[in-house]
Every structure is written in C-alpha cells, then in structure tokens.
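For reference, the structure is listed below as structure tokens.
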Amino acid sequence: MPDTAAAPALPGSTALDPALAARLKRDPQGLVPAVAQQYDTGEVLMLGWMDDEALHRTLSTGRCTYWSRSRREYWVKGDTSGHLQLVKSVALDCDGDTLLVKVDQVGAACHTGDRTCFDAGGIALIAAPADQ
Numbered sequence: 001m002p003d004t005a006a007a008p009a010l011p012g013s014t015a016l017d018p019a020l021a022a023r024l025k026r027d028p029q030g031l032v033p034a035v036a037q038q039y040d041t042g043e044v045l046m047l048g049w050m051d052d053e054a055l056h057r058t059l060s061t062g063r064c065t066y067w068s069r070s071r072r073e074y075w076v077k078g079d080t081s082g083h084l085q086l087v088k089s090v091a092l093d094c095d096g097d098t099l100l101v102k103v104d105q106v107g108a109a110c111h112t113g114d115r116t117c118f119d120a121g122g123i124a125l126i127a128a129p130a131d132q
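Okay, here's the thing in structure tokens:
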C-alpha cells in the first residue's frame, strides 16, 4: 500500500477508534492541527496537520505521522531527515479541534534545521498585559 494519497483520508475510512474519530472537529479539508511539544521540557516544537489516518498511524506506530498540505501526502517525521519524533502521549483538547502530541524530539524539529519552528528567524510578538 503506498504511503501517499491525493487528499486526506475521509473521516470513518481508517482504523482510528470510532469513539475518538467522533470527537475530532476537523477543518473543511478533514484536518486537525497537531502541536508537537517536547515531553520533558514543555518546549513547543512545531505545528503539523493530522487527519484520521495520520492520527491512527501516530498512535499505532509511536512515531508522528502528518498530512503535508503542500505535498499532499503523508509523511513520518524523521523518515528522510533522521530527526525523529517519538510519541510519549497524545491529548485532544476540550473542543476536539486541536491535538497536543508530546514527543521525544531527536534532532531538529523544524525543516530549516532549527530545534523548533519558533527559533531563529521567527518574529517575537510581545503584547502588553491587559491591565496596562
């Protein structure tokens, strides 16, 4: 079975637990944002996108699988770069519209080679506290 597809899997078309699938609130493309966080430090590493199949693969293999919106295919973090994300836990937020994936990141999380996607080159946005 090839690891690519032209579009994300349709809800209910994968082996994802139906009870979990029913709780997911997907965008119009069938995707849910997945925030990857270093499990032991709390460092936010990156944001990826998962559909039911990517989440099923992530849960069943212990390695993060995402849907690439630009390449229109599934990708397992680290398969080409060696920068693995080993899953420690996955949580669904209270609204069912965001996943928090706690991982042990091996190497860089960002495609630029930085530790996180929020490192060098990003813009620091600072807001004044509401009481000022």
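Residue 1 is where the sequence shown starts when you use the UniProt record's numbering, and the numbers rise one by one after that.
Note that beta-carbon positions come from the ideal geometry of N, C-alpha and C, so glycine has one too.
DSSP state of residue i mapped onto helix, strand, coil
i	result
A91	strand
P8	coil
L59	helix
P2	Legend: pLDDT at P2 = 47, less than 50; position of this residue unreliable, value from coordinates given subsequently. Reduced to three states, the DSSP call for P2 is coil.
R23	helix
Own chain partners of residue i with C-beta closer than 7 Å, once the 5 adjacent residues on each side are dropped
i	result
P129	none
Buried/exposed call for residue i, threshold 16 Cβ in 10 Å
i	result
H111	exposed
K77	buried
L47	exposed
P18	exposed
C94	exposed
Same chain, Cβ closer than 6 Å to residue i, neighbours up to 5 away in sequence not counted
i	result
K25	G96, D97
S68	W75
Identity of the residues DSSP links to residue i by a beta bridge
i	result
K102	Q37, S89
G48	A34
Inset, instruction - Check whether the segment 49–57 touches the segment 30–39, counting contact only when three or more Cβ pairs, one atom from each stretch, lie closer than 8 Å. - result: Below 8 Å, enough C-beta pairs join the segment 49–57 and the segment 30–39 to call them touching: three or more.
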